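Worksheet: the structure to be examined is printed underneath.
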Amino acid sequence: MTMTGQAFDAVAIGSDIQRRVGVKTSRDEPLARFTTMRVGGPADLFAVAHNAFELRGLIKFARSRRLPHLVLGRGSNAVISDRGVRGVVIQDRAEGVEIRDNRLLAEAGLPMARAATVTQGAGLSGLEFGLAIPGTVGGAVWANAGAHESDISEVLESATVLLADGSERTLPLDELRLGYRDSRFKGDPQEIVLSATFRLEPASADQIKLRLDDIRRWRQAHQPLGLPSAGSVFRNPEGRSAGALIDEAGLKGFSVGGATVSEKHANFIVNDRRGSAADVRRLGEHVQAEVARRSGVELEFEIVFLGDWAGWVIGEGFA
4 MTMTGQAFDA VAIGSDIQRR VGVKTSRDEP LARFTTMRVG GPADLFAVAH NAFELRGLIK
64 FARSRRLPHL VLGRGSNAVI SDRGVRGVVI QDRAEGVEIR DNRLLAEAGL PMARAATVTQ
124 GAGLSGLEFG LAIPGTVGGA VWANAGAHES DISEVLESAT VLLADGSERT LPLDELRLGY
184 RDSRFKGDPQ EIVLSATFRL EPASADQIKL RLDDIRRWRQ AHQPLGLPSA GSVFRNPEGR
244 SAGALIDEAG LKGFSVGGAT VSEKHANFIV NDRRGSAADV RRLGEHVQAE VARRSGVELE
304 FEIVFLGDWA GWVIGEGFA
């Protein structure tokens with residue numbers, strides 16, 4: 004295989020990474036277990052960054068060699084192609100966290116659910132909704148993730164970012180251009196969130212616990228937590244609920260291969276543990292087409308499709 008005109012020698016590149024960055028790599032690593040949907044083919048080369056130093060080193064190495072690379076958190080909003088990902092996949096597991104002056108300073112690999120419980124322990128309120136977000140701080144900032152009528156933009160103060168030129172800069176909230184499930188990072192994949200600072204409010208432990216318990220109960224009652232999924236599949240159209248539109252189209256329970264529109268929440272696609280990424284994408288595209296036909300509303304994917312989808316034809320699959 005070739006990469007940007009050069010042969011991709013995974014053995015040599017992996018050896019170089021270990022020597023220069025100090026991180027071990029694995030070749031042809033299946034990625035399904037690194038996503039919440041539990042689908043996805045292999046990465047040519049896979050590395051785990053356990054701290055911010057390793058994350059910076061891996062990204063800068065890949066950029067210096069002009070290697071295709073993907074930074075992955077918990078894979079909670081992603082569907083990775085069955086063909087896998089070409090180049091280097093870097094899983095961000097930098098989970099450093101600090102409480103200071105009613106603020107949470109968190110590295111990008113920290114799970115949002117962990118951020119919610121850490122701040123609970125510190126008697127700080129504002130990130131309880133993070134319990135319902137299965138991804139990381141970095142992914143949540145990237146998507147301006149939200150749940151339970153709250154989102155990241157309401158509590159985020161700043162984010163420290165690795166820029167395309169290799170420099171780092173701490174950007175205030177107004178420079179992050181956060182919108183509904185959107186941010187500046189979606190327009191520039193060369194900008195990588197390294198950490199974030201959240202501004203929170205003191206609250207009693209009982210108040211925070213009540214809020215967290217309410218969120219847990221709501222999720223158990225309304226979301227298909229027992230099967231692999233990627234969370235909300237579609238963005239809500241303005242003034243409408245994507246789940247309601249899918250339900251009104253009679254699509255709950257509709258399946259393609261091992262992927263099914265959840266009976267519990269129509270804006271979730273679940274994997275019966277035998278499904279493929281192609282099943283998920285074909286089902287999602289079928290839902291889009293049916294909702295458009297029945298209601299005239301064009302649903303937009305909230306999940307992202309990563310990896311090698313070359314030759315995919317909408318509504319048909321791989322050509």
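Heads up, this note's numbering is the position in the sequence shown plus 3, with the first residue counted as 1.
Every residue, glycine too, gets a C-beta built ideally from N, C-alpha and C.
All figures in this text were calculated on a predicted structure; none of them were measured in a lab.
- Boundaries of the alpha helix (DSSP H) harbouring G60: A55 to S67, taken from the DSSP string.
- Ranked by Cα distance from D275, the first of G25, V316 and S265 is S265.
- The distance from the Cβ of E194 to that of L166 is about 6 Å, consistent with a contact at the 8 Å cut-off.
- In chain order, A52, D95 and A97 place their CB closer than 6 Å to the CB of L58, counting only its own chain and leaving out the 5 sequence neighbours on each side.
- When only Cα atoms are considered, S156 and L176 end up about 8 Å apart.
- The beta carbon of V158 sits closer than 7 Å to the beta carbons of G129, L130, F201, R202 and L203 from its chain, once the five residues preceding and following it are set aside; these are given in chain order.
- A straight-line Cα-Cα distance of about 11 Å links F271 and H225.
- Under DSSP, W315 shares a beta bridge with F321.
- Counting other Cβ atoms within 10 Å of its Cβ, Q223 stays below 16 and is therefore classed as exposed.
- Residue environment: I249 is assigned as buried (16 or more neighbouring CB atoms within 10 Å of its CB, all protein chains considered).
- Annotation for A35: no beta strand (DSSP E) segment contains it, and DSSP assigns it neither H nor E.
- Contact between the stretch 290-308 and the stretch 61-70 is not established, with fewer than three Cβ pairs separated by less than 8 Å.
- Look at E101 here: in three-state DSSP terms it is strand.
- At the C-beta level, G141 and K63 stay beyond 8 Å of one another.
- Scanning its chain for C-beta atoms nearer than 8 Å, with the 5 sequence neighbours on each side dropped, one finds around G261 the residues N274, D275, R276, R277, G278, S279 and D282, in chain order.
- Less than 8 Å separates the beta-carbon of L34 from that of V92.
- Taken through DSSP and simplified to helix, strand or coil, A52 comes out as strand.
- Beta-bridge partners of P45 (DSSP): P33.
- Counted as a single uninterrupted DSSP element, the beta strand (DSSP E) harbouring A199 occupies residues I195 to R202.
- Distance check between W312 and each of I20, T39, G43 and F11 places G43 closest, using alpha-carbon atoms only.
- A buried status is given to F49, since no fewer than 16 other beta-carbon atoms sit within 10 Å of its beta-carbon.
- Here the alpha carbons of A15 and A146 stand approximately 35 Å from one another.
- DSSP places G138 outside both helix and strand once states are collapsed to three, so it counts as coil.
- Per DSSP, the unbroken beta strand (DSSP E) holding D95 starts and ends at V88 to D95.
- Leaving aside the five residues that flank R86 on each side, the residues in its chain whose CB is nearer than 7 Å to its CB run, in chain order, G44, G310 and D311.
- In the DSSP annotation of this structure, the continuous segment of the alpha helix (DSSP H) that includes I20 starts and ends at A13 to V24.
- I20 and K27 have their C-alpha atoms some 7 Å from each other.
- In the DSSP assignment, P205 is bridged to L127.
- By the 16-neighbour rule on beta-carbons within 10 angstroms, F56 is exposed.
- Only buried fits L73, as 16 or more other CB atoms lie within 10 angstroms of its CB.
- The Cβ atoms of P205 and L127 sit closer than 8 Å to each other.
- Its chain contains R184, E303 and E305 as the residues whose beta carbon lies nearer than 6 Å to that of R238, once the 5 sequence neighbours on both sides are disregarded; these appear in chain order.
- P137 places its beta carbon less than 8 Å from that of T39.
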